[in-house]
Amino acid sequence: MKQANFHTLFSFCRRTFSLWIVNLLGPTDQFVMRHRILNGTLFAGLIAMAVGLGSEFFREGFEMGGLLALWAAFVFTILFYYLSRIKRYFQILIVPTFIISSLTACLQIKYSGGIVSANVMLLAPILVLNMLILGKKWDSFAIVFFVSILFGISEIQNTYPNWFSDYSSVKARSEDFLITAVSVLLLLGLMLRTLNRSYEDAITEVSRLKYQQDGDYYLTSLLTRPLSGIRNRSETIQFSSYIKQKKSFQFKNREYELGGDICVTDQIILKGRNYCVFANGDAMGKSMQGAGGVLVFGTAFRALIERTHRDGILSSYFPERWLHTALNDLNNVFEGFDGSMSMSLLLGLVDEKTGYMYYINAEHPFPIRYRDGKAQFLSEEATNYKLGMQKDRARIETCWIRPGDTIILGSDGRDDLEIGIDAIKNRVINFDHTSILKQVEETRGDITDLGKRLQTIGELTDDLSLLSIKYSPSQSNPNKGISPEMNRIIAILKDNQVLEALALLEEEMNSEVDNPIFWKLLYQVYRKLDSFAKAGHAAETFSILHPSGLQMIWNGVIQYTKAGKIEEAIDMAERIYSRKPDVIPVLKLLIKLYKKSKRPERVSEYESALLKLKS
């Protein structure tokens with residue numbers, strides 16, 4: 059029982075002592091450079107005090123009242139420092155302590171001799187100690203006060219030598235000078251050693267932490283590397299990318315970059331046709347935060363591509379529907395971060411045969427088309443929100459890429475350049491988003507030269523990424539025009555010989571299967587024969603070969619609706635709505651079609667959109 063009580067008492071005492079030590083000295087992680095310098099100063103001051111006290115004792119006997127007062131002031135200053143770390147209002151007690159110790163030193167000087175007395179330098183450690191405690195704003199005051207006392211005492215000694223005791227003889231002054239010199243050198247040496255050691259340890263610690271940080275950067279860059287880059291091997295669509303991340307670092311004597319910009323391309327098959335998919339994104343934040351966004355986006359994007367390759371449903375989508383699905387999936391991933399992570403993005407598809415491009419701009423800088431030596435924006439409308447902040451249905455933009463064209467996508471690093479410093483030393487940032495057009499023209503659409511040129515114009519303030527797209531169709535498969543056979547069929551149709559025209563078209567099926575004119579004529583024939591399903595299919599095929607023809611897509615919607623193929627009609631109507639969400643007849647027809655397919659949630663969605671357009 060007694061042994062148990064002893065252990066309990068011992069544990070209580072140990073905890074109490076540990077708590078006292080923590081409260082008095084502070085946790086070990088608080089002993090930063092400032093406190094280490096202070097500890098060295100205290101040690102040096104104690105040695106200087108000991109030297110001065112010993113000097114007075116052995117030469118003057120028991121005339122030590124002033125020195126003892128200095129010791130008391132010095133000890134109280136140390137005590138008030140540690141107390142002020144617990145309660146800040148103790149700092150006010152340092153001021154009277156410093157004044158008392160200074161006046162005590164002056165009295166000691168008066169009664170023990172001249173200004174070179176060993177007592178003068180005893181004020182130095184108290185001065186440094188108070189400067190460390192009170193902070194930078196009191197440094198100048200403390201130094202001026204100390205120097206004023208020294209000069210004041212020197213002047214008074216020369217003017218009124220009788221105010222001092224006879225201790226100021228030549229011999230006494232020589233002895234005091236030697237003692238003072240040794241003590242001051244010792245004091246300064248210890249303080250400088252403490253400073254140097256503190257700086258050495260701090261630099262070593264910073265170097266160690268930086269090496270660890272660079273190691274983390276390196277591992278993150280290894281993770282982001284396979285998620286980006288040019289992955290397609292198309293014979294007609296050429297991509298090239300240029301990325302200059304704001305954060306660069308060295309690891310194991312090699313230079314690396316880390317940031318939130320990404321350029322990635324790949325290939326997918328939709329409706330049996332080959333498409334190149336591309337993305338240029340800019341994640342929120344820089345270095346590690348931006349790289350985190352790239353990791354999230356790159357992983358989700360790769361999963362989407364693999365799902366398209368393996369999933370028969372996704373590969374049966376039209377390009378517009380696939381883009382909507384992709385954007386919604388990526389947005390859902392970023393929404394999971396509750397606004398702490400977002401990403402501007404330009405996501406698109408290019409038909410490898412026709413060079414027709416579909417894209418969605420999610421608050422990304424406008425894409426640029428360089429054609430015949432002139433650069434211009436494809437569109438200057440930011441119609442969609444960033445990933446993680448999508449609210450409304452995204453709008454899809456389209457354009458034809460002609461042979462010789464260069465489409466250039468880029469992050470906002472291309473615009474946010476620091477181009478100088480104004481008269482009041484503030485940074486001047488470029489806010490003219492059209493200035494990039496001139497740079498594209500001067501570099502002739504070469505994004506590598508463009509990226510380097512931008513860095514000569516100004517300093518990058520953000521990550522910079524550029525992605526270029528070119529279309530070079532195969533010369534062995536030129537686009538077909540109106541052949542003599544097609545002219546003959548057109549003439550027959552004008553004479554209203556529908557069955558004869560159908561027979562000729564069926565004969566030309568194999569040779570003209572990739573000719574949009576053939577499918578347009580076939581649509582006209584089936585429409586006149588009231589073969590609604592076949593007419594809808596012909597219109598659909600035409601729209602795939604010539605996707606800019608919205609009228610033929612609308613014709614396909616009408617024919618599929620008449621044939622009772624509701625899902626096919628919805629798919630075609632959604633294509634128009636994706637590009638032209640403000641066309642009221644399309645909205646009205648979609649509402650009717652969704653009512654027939656018994657999907658009330660979509661009916662409600664489109665009825666709300668219709669009300670907004672009418673209001």
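Residues 59 to 673 (my numbering) make up the sequence shown, in order. Virtual Cβ for every residue (Gly too), placed ideally from N, Cα, C. All values reported here derive from a predicted model rather than from experimental measurement.
Measuring CA to CA, which of D473, K646, R502, R511 is closest to F489?
D473
Under the three-state DSSP convention, the category T568 falls into:
The amino acid at residue 568 is misidentified as Thr; the sequence shows Asn. Coil at N568, not helix or strand.
K268 versus K344: straight-line alpha-carbon distance, rounded
17 Å
In the DSSP assignment, find the unbroken alpha helix (DSSP H) run with N389 in it and report its ends.
377 to 393
Any alpha helix (DSSP H) of 4 or more consecutive residues that is wholly inside the stretch 303 to 386:
345 to 368, 370 to 373
State the DSSP-derived secondary structure class of Q448, mapped to helix, strand or coil.
coil
Determine the burial state of L316: buried for a count of at least 16 other Cβ atoms within 10 Å of its Cβ, exposed for fewer.
buried
Give the secondary structure of R657 by DSSP, where H, G and I count as helix, E and B as strand, and everything else as coil.
coil
Length of the line joining the Cα atoms of L522 and A349:
13 Å
Are there 16 or more other CB atoms within 10 angstroms of the CB of I79, so buried, or fewer, so exposed?
Note on I79: pLDDT 46, under 50, position unreliable in the model; no value is reported.
Out of curiosity, what's the CA-to-CA distance linking I465 and F435?
10 Å
Euclidean distance between Cα positions of D507 and W612:
44 Å
Quick check on the burial criterion: 16 or more other C-beta atoms within 10 angstroms. Buried or exposed for I550?
buried
When the distance is taken between beta carbons, is A384 closer than 9 Å to L404?
no
Tell me, which residues are paired with T464 by DSSP?
Y428, K528
Quick one: what does DSSP say N442 is sitting in, helix, strand or coil?
strand
Test item: CB-CB of I628 and I575 under 9 Å:
no
Flag this pair as yes or no: are the beta carbons of S437 and P423 separated by less than 9 Å?
no
DSSP-derived helix/strand/coil call for Y581:
helix
Is it buried or exposed for L280, if we count other Cβ within 10 angstroms and need 16 for buried?
exposed
Sort S636, K672, D520 by Cα distance to S306 and report the nearest one.
D520
Report buried or exposed for R657, applying the criterion of at least 16 other Cβ atoms within 10 angstroms of its Cβ.
exposed
Comparing alpha-carbon positions, which option in S206, S374, K638 lies nearest E455?
K638
Counting only runs that start and end within the stretch 456 to 509, where is the alpha helix (DSSP H) found for 4 or more residues in a row?
493 to 500
For N419, the first and last residue of its enclosing beta strand (DSSP E)
414 to 420
If you check the beta carbons only, do K329 and F376 fall under 9 Å apart?
yes
Under 9 Å between C-beta atoms of L648 and Y635
yes
Which residues does DSSP list as the beta-bridge partners of A593?
None; A593 has no bridge partner.
Any Cβ of chain C within less than 9 Å of the Cβ of K650?
Looking at the structure shown, chain C is missing, and only one protein chain is on hand.
What are the partner residues of E558, as DSSP defines its beta bridges?
Looking at the DSSP assignment, E558 forms no beta bridge with any residue, so it has no partner.
What's the C-alpha gap between G478 and Q497?
18 Å
Helix or strand or just coil, what does DSSP make of A433?
strand
Give me the Cα-Cα distance between S673 and S601, rounded to the nearest whole angstrom.
32 Å
Per DSSP, what kind of secondary structure is E663 in: helix, strand or coil?
helix
Count the other CB atoms, across all protein chains shown, that sit within 10 Å of the CB of F336; report buried if there are 16 or more and exposed otherwise.
buried
Bridge partners - F297, DSSP secondary structure assignment:
I527
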